[in-house]
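Chains as they are written, first to last, in our numbering: chain A, 1 to 171; chain B, 172 to 342. Built from N, CA and C at the ideal position, the CB exists for glycine as well.
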DNA sequence: CCTCAATATTTGAGGGTTCAACAACTGTTC
DNA sequence: GAACAGTTGTTGAACCCTCAAATATTGAGG
């Protein structure tokens, strides 16, 4: 039903390392976030993306793209963030189907408060152990895989260009 | 409250790539699994770990360690896998607190049926794009980080040695 | 204008995960 | 051997995510 399955022994080993790595990292990030702000990491990313957008405002669908989540997931997420007072939703002026999500002042404050400990977690866990060469190698590895994702055998990708502008920072 | 936070620009870029990569990979794996077997990837790992154990049987706590989940999570998971008839639970003979989880024949069949497409997803997405050097580099990167995890600034790790023996394969 | 397919977003149900509390048992210590 | 701390595993509530269905709107064509 597809091309030759199975992983080589080397691939197996690396795959298990990758799984272990991610499990551990994720656990720490989520614990950290939960402690610091009572929200999951995914919600933090939503706030971060908004903070980098002009007017700290984005259409729901763009925000979903940037935060890499489904529209449904985002809708639930923003509902919750709105309850907390960190995001506000207003109807889009030009398209009456749309909604604009805006980061509130309280949301921005929250982001600023949480960011340092999050960044520290990521840096100390993931990056401190790596040499400069390894950091570069990891960057290229991710890029190669991402670039090739979409050709493979699956759905599709619409590939917006990236948009460097670190207001508060992803990590 | 911790050592110098913030990521360098390079680290930021790599971190975002990593996030994008994982989001995409995870999405495909989960979609694949759900389609092929109606269970999440985490449950597949539980079956896989059992398949590699002597007698296809493990104490709940060992299984939780190997599958990298909390006991609570595993308990819920095994409850569900038991409903599906893929795992059976029996009281441990030596310790009356304990439970043994055993992979049933049906569970093994399920694993064998699902494994190829899963392996193919992982290989084609993650490994096909990589050169041999990149595969090796990735392996080392994961190892370095994992080795240093536990010293860092966090909780603790008990570090069991690994245990090569691919009955059906993690991926 | 009317219809129809496509887009944008929300909703609710179903299931997964976490966290804290609990129940049962073990091993040690006095 | 009674008390107690520690281990093993389960439970229920709260929350998050997915999927499919619903709602509202747009834009293209006839």
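Spatially closest choice to residue i from the options, by CA coordinates
| i | options | result |
| --- | --- | --- |
| residue 35 of chain A | A/135, A/121, A/9, A/130 | A/121 |
| residue 75 of chain A | A/26, A/56, A/42, A/95 | A/42 |
| residue 190 of chain B | A/7, A/101, A/55, A/67 | A/67 |
| residue 119 of chain A | A/94, A/171, A/142, A/140 | A/171 |
| residue 280 of chain B | B/222, B/244, B/226, B/269 | B/222 |
| residue 5 of chain A | B/235, B/283, B/236, B/194 | B/283 |
| residue 271 of chain B | B/232, B/313, B/314 | B/232 |
| residue 266 of chain B | B/194, B/313, B/230 | B/230 |
| residue 70 of chain A | B/194, B/243, B/204 | B/194 |
| residue 38 of chain A | A/15, A/84, A/27 | A/84 |
| residue 65 of chain A | A/49, A/133, A/56 | A/49 |
Alpha-carbon spacing of residue i relative to residue j, whole angstroms
| i | j | result |
| --- | --- | --- |
| residue 88 of chain A | residue 40 of chain A | 19 Å |
| residue 277 of chain B | residue 17 of chain A | 29 Å |
| residue 218 of chain B | residue 150 of chain A | 30 Å |
| residue 115 of chain A | residue 200 of chain B | 30 Å |
| residue 215 of chain B | residue 54 of chain A | 43 Å |
| residue 319 of chain B | residue 248 of chain B | 30 Å |
| residue 269 of chain B | residue 31 of chain A | 28 Å |
| residue 14 of chain A | residue 186 of chain B | 19 Å |
| residue 132 of chain A | residue 227 of chain B | 43 Å |
| residue 123 of chain A | residue 204 of chain B | 32 Å |
| residue 288 of chain B | residue 140 of chain A | 27 Å |
| residue 27 of chain A | residue 244 of chain B | 13 Å |
| residue 263 of chain B | residue 315 of chain B | 37 Å |
| residue 79 of chain A | residue 86 of chain A | 10 Å |
| residue 9 of chain A | residue 63 of chain A | 40 Å |
Distance between beta carbons of residue j and residue i, contact taken as under 8 Å
| i | j | result |
| --- | --- | --- |
| residue 309 of chain B | residue 317 of chain B | Actually they do not touch by this definition, with Cβ atoms about 12 Å apart. |
| residue 178 of chain B | residue 125 of chain A | Not a contact, Cβ separation roughly 12 Å. |
| residue 102 of chain A | residue 90 of chain A | 7 Å |
| residue 25 of chain A | residue 182 of chain B | In fact, because the Cβ distance is near 14 Å, the residues do not count as touching under 8 Å. |
| residue 192 of chain B | residue 142 of chain A | 5 Å |
Residue i: CB within 6 Å of a non-hydrogen atom of the ligand FMN
| i | result |
| --- | --- |
| residue 309 of chain B | The ligand FMN is not part of the structure shown, which contains no ligands of any sort. |
Inside the region 249 to 309 of chain B only - beta strand (DSSP E) runs reaching at least 3 residues
258 to 262, 270 to 274
Please give the ranges of any alpha helix (DSSP H) in the region 176 to 245 of chain B, keeping only runs that are unbroken, at least 4 residues long and fully inside the region.
180 to 208, 212 to 223, 231 to 237
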